[in-house]
Amino acid sequence: ETGVTQTPRHLVMGMTNKKSLKCEQHLGHNAMYWYKQSAKKPLELMFVYNFKEQTENNSVPSRFSPECPNSSHLFLHLHTLQPEDSALYLCASSQDLGQGGDTIYFGEGSWLTVV
Amino acid sequence: GENVEQHPSTLSVQEGDSAVIKCTYSDSASNYFPWYKQELGKRPQLIIDIRSNVGEKKDQRIAVTLNKTAKHFSLHITETQPEDSAVYFCAATGNQFYFGTGTSLTVIP
Chain A
1 ETGVTQTPRH LVMGMTNKKS LKCEQHLGHN AMYWYKQSAK KPLELMFVYN FKEQTENNSV
61 PSRFSPECPN SSHLFLHLHT LQPEDSALYL CASSQDLGQG GDTIYFGEGS WLTVV
Chain B
116 GENVEQHPST LSVQEGDSAV IKCTYSDSAS NYFPWYKQEL GKRPQLIIDI RSNVGEKKDQ
176 RIAVTLNKTA KHFSLHITET QPEDSAVYFC AATGNQFYFG TGTSLTVIP
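Chains as they are written, first to last, in my numbering: chain A, 1 to 115; chain B, 116 to 224.
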């Protein structure tokens with residue numbers, strides 16, 4: 001248990017569905033992240049939030065919509081996804097944005113399958 | 116921004132042998148270098164890290180070395196065991212986290 005909790009752990013959705021992934025961190029961190037990890041591919045940074053403000057959108061398609069209501073919660077809203085969006089979505093948090101030897105902690109991930 | 120390269124992408128070793136994974140980075144401002152292990156179906160977990168003011172750090176069978184001049188750092192696993200089989204990611208951080216592309220390590224019993 002790292003203090004970063006993701007729900008649901010598994011999600012199957014159709015291409016016309018709307019669903020959301022939820023992440024909660026209990027570590028008192030200020031920064032939260034969404035990463036995408038496809039089979040046999042590296043970690044792809046999607047979004048970064050620092051103190052609830054989005055600091056990075058790594059050219060992510062608009063069918064992925066993040067929401068950060070406070071420093072402890074992060075959502076990823078999904079709509080009209082494509083089969084190629086099937087992947088493991090990892091939420092992570094860190095005290096700050098990596099300054100001074102900051103460490104990033106990952107949640108268990110949400111396995112998404114788009115059918 | 117920072118660019119982190121990691122090699123090799125796959126590595127197979129016999130149980131008991133050593134494994135070495137190497138990473139290079141481009142931004143001299145990066146000052147913290149963690150390594151993560153991701154077992155199949157699980158989240159990446161921090162296994163060891165090193166700061167820029169240190170050249171080497173050991174934790175039992177795992178060690179990390181850093182050469183700031185050459186901008187490269189390496190993970191060394193000695194006396195490998197089957198449970199070391201996983202994907203390993205290096206990272207370089209300054210004002211952001213930059214991950215390498217991962218190394219899939221297989222330890223053959």
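All C-beta atoms, glycine included, are put in the ideal place defined by N, C-alpha and C.
Beta-carbon neighbours of residue i, restricted to chain A and to distances below 7 Å
i: B/Phe188; result: By Cβ distance, chain A contributes nothing, its closest Cβ being about 14 Å from B/Phe188, past 7 Å.
Three-way DSSP call (helix, strand, coil) for residue i in this model
i: A/Glu53; result: strand
i: B/Glu194; result: coil
i: B/Asp174; result: strand
i: B/Asp199; result: helix
i: A/Gln15; result: Contrary to the premise, residue 15 of chain A reads as Met rather than Gln in this sequence. Residue state, collapsed to three classes: coil.
i: B/Thr184; result: coil
i: B/Ala206; result: strand
i: B/Lys157; result: coil
i: B/Arg166; result: strand
i: B/Ser124; result: coil
i: B/Pro149; result: strand
i: A/Ser20; result: strand
Contacts of residue i in chain B (Cβ-Cβ under 9 Å)
i: A/Gly3; result: Those within 9 Å of A/Gly3 in chain B number zero; the least Cβ separation is about 12 Å.
i: A/Pro8; result: Residues of chain B passing the Cβ test: none, with the nearest at roughly 15 Å.
i: A/Pro42; result: Gln121, Phe204, Phe214, Gly215, Thr216 and Gly217
i: A/Gly107; result: Arg158
i: A/Leu27; result: What A/Leu27 touches in chain B: nothing, since even the nearest Cβ is about 13 Å away.
i: A/Leu90; result: Arg158 and Pro159
Reference residue i, options the options, closest by Cα
i: A/Asn58; options: A/Val48, A/Ala39 and A/Ser93; result: A/Val48
i: B/Thr218; options: B/Gly209, B/Gln196, B/Ala207 and B/Leu190; result: B/Leu190
i: A/Ser20; options: A/Gly28, A/Trp34, A/His29 and A/Asn30; result: A/Trp34
i: B/His138; options: B/Pro123, B/Thr184 and B/Ser200; result: First, the amino acid is wrong: residue 138 of chain B is Cys here, not His. Minimum Cα distance to B/Cys138 is reached at B/Pro123.
i: A/His79; options: A/Ser65, A/Ala92 and A/Leu90; result: A/Ser65
i: A/Gly109; options: A/Val60, A/Cys91 and A/Gln54; result: A/Cys91
i: B/Glu198; options: B/Glu120, B/Gln211 and B/Arg176; result: B/Arg176
i: B/Ile162; options: B/Cys205, B/Gln211 and B/Asn210; result: B/Cys205
i: A/Gln6; options: A/Met32, A/Glu56 and A/Met15; result: A/Met32
Per-residue contacts from residue i into chain A (C-beta, under 9 Å)
i: B/Asp164; result: Gly101 and Thr103
Neighbouring residues, chain B, relative to residue i (Cβ below 7 Å)
i: A/Leu97; result: Asn210 and Gln211
Taking three-plus beta-carbon pairs below 8 Å as touching, is the segment 104-114 of chain A in contact with the segment 2-12 of chain A?
Contact between the segment 104-114 of chain A and the segment 2-12 of chain A is present, because at least three Cβ pairs lie under 8 Å.
Under 8 Å: do the segment 142-150 of chain B and the segment 42-51 of chain A share three or more Cβ pairs, one atom per stretch?
No, the segment 142-150 of chain B is not in contact with the segment 42-51 of chain A.
Runs of 3 residues minimum, wholly inside the segment 28-113 of chain A: which ones carry the beta strand (DSSP E) assignment?
Contiguous beta strand (DSSP E) elements confined to the segment 28-113 of chain A occur at 31-37, 44-50, 53-57, 64-70, 73-79, 87-94 and 104-106, taking only those with 3 or more residues.
Evaluate contact between the segment 156-168 of chain B and the segment 89-105 of chain A, counting only Cβ atoms and requiring at least three cross-stretch pairs below 8 Å.
yes
Does the contact criterion of 3 or more C-beta pairs under 8 Å hold for the segment 69-83 of chain A versus the segment 23-30 of chain A?
Between the segment 69-83 of chain A and the segment 23-30 of chain A, the count of C-beta pairs closer than 8 Å reaches three or more; the two stretches touch.
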